[in-house]
Every structure is written in C-alpha cells, then in structure tokens.
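Worksheet: the structure to be examined is printed underneath.
Residue numbers (the numbering used here): 34 to 563.
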C-alpha cells in the first residue's frame, strides 16, 4: 500500500501489449498479473493462493488499483502470463520497470559501484542414479506415447515393460547381487534399444518420432550405453562430461555439479546489485543471470557485463569474488571503463604451490625477442603460440632437455625426466595484468576497497531465507530464470519500502550494525582507561 501511494503503478499494460493478440477475448490486465507475480514470490504463495489473495486481501486490491469484488480471475492465468513472457523473450519486464522507476527517482545511476555473486539452485527433480535416469527416460517415453497414440504402442508392446516401468523406476528394489544388477542393466539397455529401434522405423508416425521425450531417451541412452553387435552394453562411466550430461528426463537443463564439499543437481543464479555508500540511496538488485550448475563464474562475467551495457547500467567498479576475474577480463573491462575489483587465483604449478621451486614469476621473460631465461641462466629454445584447454591463447616456452637434466636445481624446477622445463604463459598484456593484481590484492588499500563486496552475501541470504531463491518451483532453465527475476523484483520492492519508511522517520536507509552489550562495554572500558 505504501509503494502504491509513493510510486503509483509500477507496471503499465502498454509495456505488455506485444504479448497478446489483437483479436479474441480481452485479456486480463497484464500489469496486474506482473505485480501479482512479484507479490506471490514475496509472500511465498502458489498461483492458486495468489489468485485467492487478489480477491480477499484489501492491501493487495489497493496495490492492484481494484475495488473490492473486482479481483476475480482464474489462477491459471498466472502460468499463462509467465509462458507468454518466455515465448516473446520478455522476461526482463518483471524487473526492468522497477529499475526504471528507481532511475526516475534518482536512486539508480549509471557508473558507481556494483557487486555480483552466485549461489546454487536446486532443480525440481529427484536425484537419480545413472540406471534410474535411463529407466525413468523409458517410462517418460511410454507415458507420452500412451497419450499420443495408444494403438501404436499396443502393437509394439513388450509385456516386460509393465513390470519395470508402470511405476516410478527408482521405487523398484534393486537386487544386491552383482550378477542380478548386471542382468537388470542389460534388460534396461535392451528395452531402450528396442524402443528406439521401433520408433526409428519408417512406418512409425512422425508425431511419435518427434516427441521431445524420444530425443532425451536417445541422448541419455548414449550417455550410459554403447551398442556393439546389435546389443546394448553398459558403460563404466558416462560418455560425456557433467556439462553435457542430462541427469533427468523431466528437466533436461539441470546439471549435476560440485563445489568443495557441496554437491547439487540444478542451476546457478548470479545476482548483481548496486553498492554505493550513499545513505540517500537504497542498494538495488539490477541484474539477474541464471545458468547451468556446471558453468564457471568466469564464463558468465562477460555476459553479465554485456547485459549491463545493453541496459545502460555499466558500473565504474565491479566487485566480485575470486571465481569471476581472469586476466583477459581485467583488461577488456578496464578498456571499456569498468574496473573489476576481485582477487585472482595464485600462480599455477606445484612450484608456486609448494613455495620451494622455481615458479613462472622467477623466470625473466623477454617478450620482444620471445626469449625466457631461467634462474640458473639457461635460455629457452622454443616459443610457440598455442591455445590452452579453454581455447584461450597461450605462449608455450620450452627449454632444452640436456641442460635441464644436468642442472643442479632440477628438483626445484621440474619433475620431468624426458624433457626440459616448459612454461605456459598467457599473452603479455594478460600476464602483466594478472601479476599486477596478484601483487596488489594483499595490500591494505586493496583489502579496504574490496571489503564492500561482502554485502552481496546478505542479499543472497535475503533471497534464500525469505523468497525461496535456493530452490526453483519450475522445471527448465528459462522458467527458473523468470522465477529469479520475480525474486529480484521482490527484493527491490522490499528495499524501496524500507527506504521510504526510513526517509519518513528521518533515519538512515542502512543503519549501522547493532553492537552487542559486551562490545559496548568494551568501548566504555577503553574510553575510561584512556
């Protein structure tokens, strides 16, 4: 109600007009559906509950500019509205109008400081083993075919499918004996291969061949089985890396990932918020990026900056943790006016990690003449332009084998016995940018500037604890992203409300952290002692 009085209608129907056709039944006001989508995330409501609240809650009716009795609509319109946003690529219409209102109020300006961090998001699926994933994929295909063309399925039915796939496959009690487990894997592989074979037959209707579930079954089958002499054989491990491995037929976008001791199936979400130390402006979430769980943070940073430029929200300083910066990005963003403030990983190699060997920084590099000199005075014999495993340019510098093997400092330099020392360095500008950051990132001045990054942890905590950021209620990357945009919009509305209330009471928007009684006692004791 306070936001309605202070800001007026945030969403406007004309912004959503391209989502709806010009003919047919008049649509429910999309601006109201957008606001309800954000309100239901703030209060943790389902679509049915949110539609009910829009009918009975006087504060909701006031915020929606409705009179009592005017808020009746079918709850399925909310799902239809989100689907329209996806079909037209208009997901940002949930967050951008709030950002625009903040710009008009002077709370948000281009430049300044921003900070970004990511957190895991659990997919709305059950965790399945490799065999369970194949079995559930078969069951998913059989269910889809039953709905599409039960007569075709009847003519190609194997009665053994009833025993294995009429119920959820993971509910079956798997045998303990390895011989019986091997037999089960063979049976499942035979079923999948037989089903895919008949679906590929020229007599099979194209409507069945084109089912999405069929394509997923083929992909998951190829991950865990290989066909030799017309029979399916279980692989010792998946044929693809985690980045390509489908873990469930019900959410093909979800991926299995691990970060230190934490493992999860799902996604990552990256939140970017303003962090200028101006008490007259609230900290606002200005950008949301949802990615698969296996994608590195460093791969997302260029995309985050590109989206910020498209929206005119490029920061002057961007605070991130160690997972985001790379030497190439430090240079590129600096050239475009943004300073990435974040530590970079230490120099690679066991020599640098053990602190008792010759790391790459101990070598003298003559970039102009493509020559490197080791600490013992030996010069390199080859300088080759190459690419690393991430397809990034690198300089491969080699030293002769004979001088290296006879060098008294061999144990400090390399453990290889068949060749000399090899250095793999990025291009000169990237190398120098990394060395500069490694030198300055432990200085008191850098640490003092970098301390502002810690505040993004509170934003993630607010999203996780208060608005359900950690677990998506939808299946698929795109729908999950819509959910995250609604959460970001909800966080901004809550912070704008707190800012307006603080201004009305003459208090700072972000009060200083409350000190404990013992901390206050210590300060009094220290003052008396002085």
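We put the beta carbon where it would ideally sit given N, CA and C, even for glycine. Computed from a predicted model, the values in this text were never measured in an experiment.
{"query": "Give the straight-line distance between the Cα atoms of residue 271 and residue 257, rounded to the nearest whole angstrom.", "result": "5 Å"}
{"query": "Please return the same chain residues whose Cβ sits closer than 8 Å to the Cβ of residue 242, not counting the five positions on each side in sequence.", "result": "232 and 233"}
{"query": "Is there contact here, the segment 326 to 343 with the segment 294 to 313, by at least three beta-carbon pairs under 8 Å?", "result": "yes"}
{"query": "Rounded to whole angstroms, what is the Cα-Cα separation between residue 512 and residue 74?", "result": "14 Å"}
{"query": "Let me make sure I understand the geometry here. Which of 320, 247, 359 and 497 has the alpha-carbon closest to that of residue 380?", "result": "359"}
{"query": "Along the chain, which unbroken stretches of the beta strand (DSSP E) at least 3 residues long are found entirely within the segment 172 to 219?", "result": "none"}
{"query": "Would you identify the three-state DSSP class for residue 432, choosing helix, strand or coil?", "result": "coil"}
{"query": "Inspect the CB distances between the segment 488 to 506 and the segment 516 to 534 and report whether three or more fall short of 8 Å.", "result": "yes"}
{"query": "DSSP puts residue 412 in a beta bridge; with which residues?", "result": "406"}
{"query": "Using CA coordinates, which residue listed in 430, 453 and 407 is at the minimum distance from residue 4?", "result": "Lying before the first or after the last residue shown, residue 4 is absent from the chain, which here runs from 34 to 563."}
{"query": "Please list, in chain order, all residues of the same chain as residue 506 whose beta carbon is under 7 Å from its beta carbon, the five residues on each side excluded.", "result": "157 and 516"}
{"query": "Let's test the definition: count the other Cβ atoms within 10 Å of the Cβ of residue 480 and tell me whether it reaches 16, buried, or not, exposed.", "result": "exposed"}
{"query": "Buried or exposed: where does residue 224 fall if 16 or more other Cβ atoms within 10 Å of its Cβ makes it buried?", "result": "buried"}
{"query": "Give me the Cα-Cα distance between residue 318 and residue 478, rounded to the nearest whole angstrom.", "result": "27 Å"}
{"query": "Using the C-alpha atoms, what's the distance from residue 120 back to residue 222?", "result": "36 Å"}
{"query": "Ends of the beta strand (DSSP E) at residue 324?", "result": "318 to 325"}
{"query": "In three-state terms, what does DSSP make of residue 355?", "result": "coil"}
{"query": "Apart from the five residues just before and just after residue 345, which ones in its own chain have a Cβ nearer than 6 Å to its Cβ?", "result": "143"}
{"query": "Given this structure, state the Cα-to-Cα distance separating residue 432 from residue 455, to the nearest angstrom.", "result": "6 Å"}
{"query": "Which ranges would you report for the beta strand (DSSP E) in the segment 89 to 169 if only whole runs of at least 3 residues count?", "result": "146 to 155"}
{"query": "For residue 185 and residue 235, what's the separation of their Cα atoms in angstroms?", "result": "13 Å"}
{"query": "Should residue 374 be labelled buried (16 or more other beta-carbon atoms within 10 Å of its own) or exposed?", "result": "buried"}
{"query": "Going by beta-carbon coordinates alone, are residue 265 and residue 297 separated by less than 8 Å?", "result": "no"}
{"query": "Excluding the 5 residues flanking residue 140 on each side, which residues of the same chain have their C-beta closer than 7 Å to its C-beta?", "result": "314, 315 and 317"}
{"query": "Only counting the same chain, and skipping five residues up and downstream in sequence, which positions put a Cβ closer than 8 Å to that of residue 53?", "result": "60, 63 and 117"}
{"query": "Mapping DSSP to helix, strand and coil, what is residue 508?", "result": "coil"}
{"query": "Is the distance from the Cβ of residue 71 to the Cβ of residue 126 below 8 Å?", "result": "no"}
{"query": "Considering residue 383, what are the terminal residues of the alpha helix (DSSP H) in which it resides?", "result": "383 to 387"}
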